[in-house]
Amino acid sequence: MLRHVFRKGAKPLWFMLTIIVLVVASVPATRAAEYWDNRTLGRHLTALAEQNPDVVRITDIARSIGKRRVWLVEAGKGAEQDRRTRPAMLVVAGIEGNDLIGSSVAALWIEQLIERDGNDTEVTRLLETTTIYVVPRLNPDATERFFAKPRRETSLNDKPVDEDHDGLVDEDGPEDLSGDGFITWMRIEDPEGEYILDPKDNRLLMKADHLKGEVGAWRYLTEGIDNDHDERWNEDGLGGVNFNRNFPHDYKFFASDAGVHQISEAETRALAEFVVEHPNIGIIVTYGAADNLSKTPKSGRPEGRRGPLTAIDEDDAGYYKAMGELYRETLGLGKELEGASSMGTFSDWMYYHRGRFSLAARAWSPGMAAALSEAAEKEDKKAEKEADENAEQPSEPQREKDKKGASKDGKENEDKRNEQERKELKWFDEHSPEAFIEWRPIEHPDFPKQRVEVGGYKPFTLTNPPAAMVEQIAAKHADFLSKAAQRLPRIGIRKIEARHLGRSVYEIEIQIENNGFLPTVLAQGQRTREVHPARLILKLDDECFLSGSRTTHLPTIRGSGGMVEQRFVIRPPGREGIDFEVVSMLAGRLEGTIDLPDVE
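Under my numbering, think of the first position of the sequence shown as 122, with each following residue one higher.
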């Protein structure tokens with residue numbers, strides 16, 4: 122740990138804490154070629170650690186039901202003792218298992234940091250002043266289904282569960298009836314069905330609206346047969362537990378995918394123990410289905426004591442709003458998208474129970490892709506319009522007339538159902554047409570006299586982009602992650618002064634500031650008492666203090682230059698200097714020596 126001596130007349134000094142960065146391996150030549158299975162991911166991580174032993178460390182925190190390793194990467198410079206007390210950020214990806222892109226983002230980000238170390242001063246400083254931990258794939262069992270044949274998408278681990286409560290486990294899963302190597306969808310023509318074909322694109326279905334006089338004509342099921350003959354299809358397949366439903370906050374008891382109790386799985390237990398054992402983690406970014414960055418989450422004051430909190434504290438809302446704006450700006454999103462949450466998520470647990478600044482995002486979605494395409498098209502049209510200086514413009518009265526005419530076209534009453542789904546399918550048609558399998562009829566043993574068609578989106582298509590786009594997408598997320606890490610709270614010293622009052626009595630004035638963006642303790646951290654207040658410690662015997670005490674608990678210091686001042690009157694006989702220490706759970710730790718002025 123670095124030490125500083127504060128002398129009379131010296132300029133104010135502040136101490137930035139040293140950062141560690143967690144690493145996930147990747148090889149530039151194969152970055153965008155394909156998604157990685159867990160074994161390949163592990164090989165890349167290990168190689169990166171071996172090539173950069175002064176920065177990167179790799180271990181595993183758990184083994185899955187399928188005996189697969191759950192990797193943890195830590196990167197950064199300096200001694201282990203220093204790294205454990207610096208401001209830290211945790212990135213967790215692959216928590217639901219069908220999130221391959223999140224794992225790729227985490228891996229590429231760390232590789233990018235390593236590549237830029239020594240060439241980019243901001244990256245080098247980050248690696249020297251913060252600790253970053255990365256769990257790139259918490260649920261490797263579910264991810265392996267992407268690489269299996271037939272390919273089947275799931276967010277559940279391999280733990281056997283009796284989902285239909287018939288005394289049997291995993292007895293009624295899906296089957297590849299079409300033989301194309303993918304578990305897709307079935308649509309069955311049935312007068313008792315809930316769905317109709319989308320009149321604007323009959324590849325899609327939508328629920329019939331009886332208030333509009335619509336009559337359902339189709340059923341919509343995952344591909345397979347009724348193995349246990351209970352007239353339910355594929356309701357009890359392989360697995361398992363969704364890890365992002367298994368954490369204590371707002372846990373949904375008795376839900377089939379939530380586990381037998383909170384933190385019931387080896388992987389979720391290991392992650393929970395890790396964050397408890399590393400209290401310096403101040404920012405968490407979780408990649409998965411939950412999302413509080415695409416849209417600012419709701420906030421409010423808690424009312425009463427019944428039920429779990431579901432809205433962030435009003436005093437914390439501004440930080441979430443600012444980080445969401447930074448996220449959308451970095452990714453190029455021109456507007457907010459729909460956020461998402463559910464019961465028992467890791468990200469909510471870290472905020473509502475642990476009091477940390479907890480962010481969550483989908484690294485990619487068809488809706489995000491469509492929104493980015495729309496934003497790009499608007500920019501192109503705007504540029505074309507500005508470039509065409511000679512284009513004839515209709516008169517103001519004519520433009521007003523056109524607007525009125527457009528309003529009479531009935532667009533206000535246009536059926537908006539499936540509009541987003543059509544936009545997404547259009548995006549796939551233009552960028553990845555193979556992602557959607559055209560519907561084709563099959564003979565189905567459970568529906569011998571009905572029309573049955575198999576098709577729809579391939580597994581993992583709606584949760585992960587085409588592999589060729591991964592590097593471009595990950596690069597933007599990597600930029601955001603680096604910016605997020607730079608917004609951790611960081612304590613420093615703005616001013617320190619010692620004045621001799623006579624008879625070996627001194628007055629000490631210390632101004633402690635927060636050079637980061639976040640406060641030293643969030644409002645929710647104060648409420649849960651899981652984040653301790655910062656402490657100022659003067660290393661003197663108690664009898665030396667005439668005013669003040671050896672240990673002073675500091676109030677919350679807001680970010681962006683927030684400051685608190687402490688004064689002491691002491692009589693330290695025979696001392697030429699006073700050692701001191703400032704300790705913050707999330708903003709780091711610094712120590713130094715205050716030189717006492719000579720007695721005249």
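Ideal Cβ placement from N, Cα and C applies to all residues, glycine included.
From E459, E450, T417, pick the residue whose C-alpha is nearest to that of K442; which is it? T417
Looking at C-alpha atoms only, which residue of N348, Q202, V191 is the closest neighbour of T389? V191
What's the call for K270, buried or exposed, on a 16-neighbour Cβ count within 10 Å? exposed
Express the C-alpha separation of H399 and P295 in angstroms, rounding to a whole number. 41 Å
Looking at the secondary structure, which residues open and close the alpha helix (DSSP H) in which G465 lies? Segment: none, G465 is in no alpha helix (DSSP H) and carries neither H nor E.
Is the separation between the beta-carbon of T451 and that of D600 shorter than 8 Å? Judged by their CB atoms, T451 and D600 are nearer to each other than the 8 Å cut-off.
What are the start and end residues of the alpha helix (DSSP H) that includes P640? Neither: P640 is in no alpha helix (DSSP H) and is coded neither H nor E.
Should H689 be labelled buried (16 or more other beta-carbon atoms within 10 Å of its own) or exposed? It should be pointed out that residue 689 corresponds to Phe in this sequence rather than to His. The residue in question, F689, is buried, as its Cβ has 16 or more Cβ neighbours within 10 Å.
Give me whichever residues DSSP pairs with Y341 in a beta bridge. R308
Buried/exposed call for F549, threshold 16 Cβ in 10 Å: F549 is buried by the Cβ-count criterion.
Assess, as a yes-or-no matter, whether the region 646-661 is touched by the region 591-609 under the definition of 3 or more beta carbon pairs within less than 8 Å. Output reads no: the region 646-661 does not touch the region 591-609.
Can you tell me the Cα-Cα spacing of F374 and M464, whole angstroms? 10 Å
Among H370, G669, L643, nearest to M706 - alpha-carbon criterion: Among H370, G669, L643, the Cα nearest to that of M706 belongs to L643.
Within this structure, are the beta carbons of T641 and T673 separated by less than 8 Å? no
On the three-state DSSP scale, how would you describe R710? strand
Among residues of its own chain, excluding the 5 on either side of S225, which ones have a beta-carbon nearer than 7 Å to its beta-carbon? Y156, V591, A595
From K419, A496, G314, pick the residue whose C-alpha is nearest to that of G460; which is it? Cα-wise, what sits closest to G460 is K419.
Look up D716 in the DSSP assignment and say whether it is helix, strand or coil. strand
State the Cα-Cα distance for the pair F268 and R671, rounded to the nearest angstrom. 60 Å
When the Cα atoms are used, what is the spatial distance from E435 to G421? 5 Å
L458 and S415 closer than 8 Å at C-beta: yes
Comparing C-alpha positions only, which one of W230, L277, K198 sits nearest to L248? K198
Do you know whose CA, among P261, G455, P281, lies nearest S185's CA? Among P261, G455, P281, the Cα nearest to that of S185 is on P261.
Are the beta-carbon atoms belonging to K639 and F478 less than 8 Å from one another? Here the sequence assigns Leu to residue 639, which means Lys is not the residue at that position. For L639 and F478, yes; Cβs fall inside 8 Å.
For V397, the nearest candidate out of N278, K328, M471 (CA to CA): M471
Assign E535 to buried or exposed, taking buried as 16 or more other Cβ atoms, counted over all protein chains shown, within 10 Å of its Cβ. Exposed, by the Cβ-count rule.
Give the secondary structure of Q593 by DSSP, where H, G and I count as helix, E and B as strand, and everything else as coil. Helix, per DSSP.
Exposure label - S668; buried when at least 16 CB within 10 Å: exposed
Counting only beta-carbon separations shorter than 8 Å, does N240 have a partner in chain C? In summary, chain C is missing from the structure at hand, where a single protein chain is found.
Would you kindly check if the distance between the Cβ of I633 and the Cβ of L661 is under 8 Å? no
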